[in-house]
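One structure below.
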Amino acid sequence: MKKYIILLIFTFIIIIPVLSACNYNASGEKIERVGMLIENTIHDQNWGNKGYKGLLEIQEEFNMDIYFREGVQTQQQVNMAVEKFANEGVQVIIGHSSSFGDFFNQLQSSYPDIQFIYVNGGYSADNLISLNFNSLAMGFFAGMVAGKMTETNHVGIIAAYEWQPEVEGFNEGVLYQNDEVDIDIQYVYDWDEKDLAVEYYQKMLDQNMDVIYPAGDAYSVPIIESAMNEGIYSIGYVNDQQTIGGQSVLTSTVQHIDKLYVYAIEQLQEGELEGGIYNFGFAEDVITMGPYSEHLSENFTDHLNELVEEYKETGLLPHQTKK
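Every position in the sequence shown, counted from 1, becomes a number in my numbering once 47 is added.
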């Protein structure tokens with residue numbers, strides 16, 4: 048009888064860790080299927096493509112089935128896509144844009160067993176998670192680079208929306224580096240508004256702007272290309288855009304959304320991620336500065352790297368500690 052009891056206890060001890068290591072979401076179901084909704088296309092050389100790469104990494108890392116839908120831009124389209132995903136047994140749905148926060152908030156209560164994830168927003172619920180980039184800092188360091196390299200004392204930023212923290216950061220970084228610089232700020236009110244963005248860029252050129260930061264998705268590519276052809280400097284956005292503009296791209300503010308999605312799924316599996324709003328940035332290595340151009344001096348890039356490391360340790364930007 049003693050041997051039988053000991054055997055049962057030993058079996059119980061072995062089984063528990065095996066069960067706890069399985070991939071379960073917050074509702075207690077094993078995560079086997081993850082879906083992604085994308086506003087435009089996965090072929091944009093920027094935001095959409097990077098989100099899709101993150102989905103592929105989830106598939107490879109966790110051996111999960113993945114689903115995605117492009118061109119999802121309205122509440123009706125989201126409703127239809129979510130219903131289709133739900134019928135296919137998808138347990139986690141990622142909305143690859145800030146706009147999905149409102150869309151998901153409207154329907155999340157109808158799908159309590161699905162975990163919804165999106166980026167850069169203020170909506171949350173028990174099954175709704177917002178993964179926010181701390182973009183103020185990346186804008187600041189981009190601004191420092193622009194302030195350092197301008198020869199005309201006129202730089203520009205073309206953003207999608209006024210709420211983007213990187214706009215304020217860019218302005219502060221430029222002036223921290225060089226308080227004599229004029230900063231031209233324009234908004235196109237759409238992540239992919241290429242025509243208006245290029246129009247603003249041309250107007251800035253006419254006003255002797257010589258460093259441009261296109262802080263948007265699809266339109267950053269044509270502006271980076273134009274800047275290279277016209278012999279002015281640019282700063283890449285989201286991706287390392289030296290692959291597009293060569294050494295005319297002084298650096299890039301890289302958002303590793305692919306890594307962040309993998310991290311989120313990993314945390315969901317371990318029961319460490321619940322509905323709520325979470326912030327990520329340089330300290331978590333999901334935002335980094337891209338490769339530096341040969342046009343930047345080693346002294347300056349070393350100094351910039353030191354400031355980035357100090358920010359990662361303290362959470363304070365240089366102008367917040369400057370006396």
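Just so you know, even glycine gets a beta-carbon here, dropped at the ideal spot from N, CA and C.
State the CB to CB distance for the pair residue i and residue j, rounded to an integer number of angstroms; the pair is presumed to be in contact (CB under 8 Å).
i      : j      : result
Tyr114 : Glu135 : 6 Å
Val375 : Tyr280 : The structure shown does not extend to residue 375, since the chain is modelled only from 48 through 370, so no value can be given for it.
Ala128 : Ile161 : Not really, about 12 Å apart at Cβ, beyond 8 Å.
Leu364 : Phe187 : 5 Å
Leu175 : Gln155 : 5 Å
Val119 : Ser145 : Not quite, the Cβ-Cβ distance comes to about 14 Å (not below 8 Å), so this is no contact.
Tyr267 : Asn93  : Note that residue 267 is Ser in the sequence shown, not Tyr. Ser267 to Asn93, Cβ: 6 Å. Contact.
Glu209 : Gln138 : Their Cβ separation, rounded to whole angstroms, is 36 Å, which puts Glu209 and Gln138 out of contact at 8 Å.
Thr298 : Ser344 : Between Ser344 and Thr298 the Cβ distance is about 13 Å, and since that is not below 8 Å, they are no contact.
Asp91  : Ala265 : 5 Å
Asp270 : Val245 : The residue asked about is misnamed: residue 270 is Ile in this sequence, not Asp. Indeed, because the Cβ distance is near 7 Å, the residues count as touching under 8 Å.
Phe163 : Ile140 : 5 Å
Glu219 : His366 : 6 Å
Asp229 : Asn200 : 6 Å
Which first and last residues belong to the beta strand (DSSP E) in which residue i is found?
i      : result
Asp242 : Segment Lys241 to Asp253 is the alpha helix (DSSP H) holding Asp242; no beta strand (DSSP E) there.
Ser177 : Leu175 to Phe180
Ser267 : Counting along the chain, Ser267 falls outside any beta strand (DSSP E), though it belongs to the alpha helix (DSSP H) covering Ser267 to Glu277.
Val221 : Counting along the chain, Val221 falls outside any beta strand (DSSP E), though it belongs to the alpha helix (DSSP H) covering Pro212 to Gln224.
Gln162 : Gln162 to Val166
Tyr280 : Tyr280 to Val285
On the three-state DSSP scale, how would you describe residue i?
i      : result
Pro261 : strand
Ser295 : helix
Tyr325 : strand
Tyr308 : helix
Asp231 : strand
His366 : helix
Gly203 : strand
Ser340 : coil
Thr335 : strand
Thr290 : helix
How would you write the range of the alpha helix (DSSP H) that residue i sits in, first residue to last?
i      : result
His350 : Glu345 to Thr361
Strictly under 9 Å for the Cβ-Cβ distance: is residue i near chain B by that measure?
i      : result
Leu351 : Reference to chain B is not applicable here, since this structure consists of a single protein chain.
*Mind pulling the alpha helix (DSSP H) runs of 4 or more residues that sit fully within the segment 82–146?*
Within the segment 82–146, the complete alpha helix (DSSP H) runs of at least 4 residues are 94–109 and 122–134.
*Counting pairs of beta carbons, one from the segment 139–156 and one from the segment 80–94, are three or more of them closer than 8 Å?*
Enough Cβ pairs lie closer than 8 Å, so yes.
*May I ask you to verify whether the segment 299–306 touches the segment 333–341, counting CB pairs closer than 8 Å and requiring at least 3?*
Yes: the two stretches touch, three or more of their Cβ pairs being nearer than 8 Å.
*Any chance the segment 243–252 sits against the segment 171–188, with 3 or more Cβ pairs inside 8 Å?*
The answer is no - the segment 171–188 does not touch the segment 243–252, with fewer than three Cβ pairs under 8 Å.
*Any chance the segment 344–360 sits against the segment 311–323, with 3 or more Cβ pairs inside 8 Å?*
No: fewer than three Cβ pairs fall under 8 Å.
*asked:* With a threshold of 8 Å, are at least 3 pairs of Cβ atoms found where one atom belongs to the segment 289–301 and the other to the segment 320–328?
replied: In short, these stretches do not touch, since the Cβ pair count stays below three.
_Cβ contact check for the segment 184–201 and the segment 334–354: 3 or more pairs under 8 Å_ = The segment 184–201 vs the segment 334–354: in contact.
*Do three or more CB pairs link the segment 99–114 to the segment 271–278 at distances below 8 Å?*
Result no; under three Cβ-Cβ pairs closer than 8 Å.
_the segment 195–205 contacting the segment 222–241, beta-carbon criterion three pairs below 8 Å_ = Judged by Cβ distances under 8 Å, the segment 195–205 makes contact with the segment 222–241, as three or more pairs qualify.
*Using 8 Å as the threshold, is the segment 201–213 in touch with the segment 258–273, meaning 3 or more CB pairs across them?*
Using a C-beta cut-off of 8 Å, the segment 201–213 makes contact with the segment 258–273, since at least three inter-stretch Cβ pairs fall below that distance.
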